[in-house]
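Structure first, commentary second.
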Amino acid sequence: MASQLINLSATLTLQYIILIIMIQIAPYFSSYDGYETCSNNLFSCGHITKIGFPFWGANRPRECGHPLLNLTCSRDITYITIKDVTFQVLWANPNEKTMSISRVDYLNLQGLCPQKPVNTSLDTQLFVYGPSSKNLTLFYGCAASNAFSNTYGHLPCIQSDASGPYVYTQFGSMAPPVFCETCVVVPVSQVWVDINDFNQIQKAIRDGFIVRWIAGVEECEKCTEVDGGVCGYDWSSNQTSCYCRDGPCHNESPSGSYEPSFPAFRNANVEPHFPEANKSIICHCSEVDYSSSHKLPQNLKVSLSDDD
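Numbered by UniProt numbering, the letters in the sequence shown go through residues 1 to 308 in order.
Given below as structure tokens:
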């Protein structure tokens, strides 16, 4: 009986020791797995290649990127959805942390007449506008006017059952007319500032605009440059993770003395043409709630301004 108690005690002691050891080494295995997973699985789709933190998607696991920065791939084309608006990623530069994006709803056959026009609005916790962007304002639901005949270009607004009413365009910084129902702001490249051909408007939109991603930049640079780790994201705690090759990283949060390579990211006002870059772009056409307008566009007028 005594020997059985001794054996039971020894077994329990051994199990306790094994449990303590496993608890101690578990973070090392977890960090190693995260290091290997996020190092070896970069997002690639068509000509968009080797995209790492803060993005995830396709073959890149979700613990390697921010929850709201999911890249998808379809027929070698990369897409990202920002505030319920889907964009095509035209190119991406991981070193500069920049990408050019173009709204998908203006790339289809409806052209300048999407069925549900909504504003372009970035999540400024994740992105800021590039310095070469300009505002292109599209005014929808404009009443017919004789003034349009000499000032505005026009073309049919394609609908599902008819050629539809006309689309009107206007360039410059004049105030929105009272006879237009709603408007949408779409950033375009500054190279289109002298645009004077209505047929080039859609090309300007299709060419996209540049944004910089800022999510987790400071934390990730400290992780890679100071700790020698690889960046990921802890979805449960909603913060950047740092995975190191030889075990847990000792300092995962950025120190107060660390200076990132992109200090301008700490300042929301980094764009000369978007001084309110930390706020959503807002149309001031009327009292209509533009972000939720589902009315099919009637007539359209376009205004190009730099919002200086």
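Ideal Cβ positions, reconstructed from N, Cα and C, are used throughout, including at glycine.
Which residues mark the beginning and the end of the alpha helix (DSSP H) in which Ile-210 is found? Per DSSP, Ile-210 belongs to no alpha helix (DSSP H); it is in the beta strand (DSSP E), 209-213.
To the nearest angstrom, how far is the alpha carbon of Tyr-35 from that of Cys-244? 6 angstroms
Taking Leu-138 and Leu-112 to be in contact with their CB atoms under 8 angstroms, please state how far apart those CB atoms are, rounded to whole angstroms. 7 angstroms
Buried or exposed for Val-184, please, with buried defined as at least 16 other CB atoms from any protein chain shown within 10 angstroms of its CB. buried
State yes or no: is the C-beta of Phe-87 within less than 8 angstroms of the C-beta of Ser-74? no
Chain C within 8 angstroms of Gly-232, Cβ atoms only: Checking the listed chains, one finds no chain C in this structure; it contains a single protein chain.
Helix, strand or coil: how does DSSP classify Gly-232 here? strand
Is Lys-203 buried or exposed, if buried means 16 or more other CB atoms sit within 10 Å of its CB? exposed
Exposure of His-47, with buried meaning 16 or more beta-carbon neighbours within 10 Å: exposed
Identify whether Glu-287 lies in helix, strand or coil by the three-state DSSP scheme. Low local confidence applies: a pLDDT of 33 at Glu-287 is under 50, so the model's placement there is unreliable, and no value is given.
Please report how far the alpha carbon of residue 310 lies from the alpha carbon of Tyr-140, in whole angstroms. The chain is shown only over 1 to 308; residue 310 falls outside these bounds and no answer can be derived.
Hey, how far is the Cα of Asp-123 from the Cα of Asn-70? 14 angstroms
Would you call the CB atoms of Gly-216 and Phe-53 closer than 8 angstroms? yes
Excluding the five sequence neighbours on either side, which residues of its own chain have a C-beta within less than 6 angstroms of the C-beta of Phe-127, listed in chain order? Val-211, Trp-213
Can you give the beta carbon distance from Phe-205 to Val-186, rounded, assuming they're within the 8 angstroms contact cut? The displayed chain sequence assigns Ile, not Phe, to residue 205. Yes, Ile-205 and Val-186 are in contact; Cβ-Cβ is about 6 angstroms, under 8 angstroms.
In the DSSP assignment, find the beta strand (DSSP E) that holds Val-217 and state where it starts and stops. Val-217 -> not in any beta strand (DSSP E); alpha helix (DSSP H) instead, spanning 217-225.
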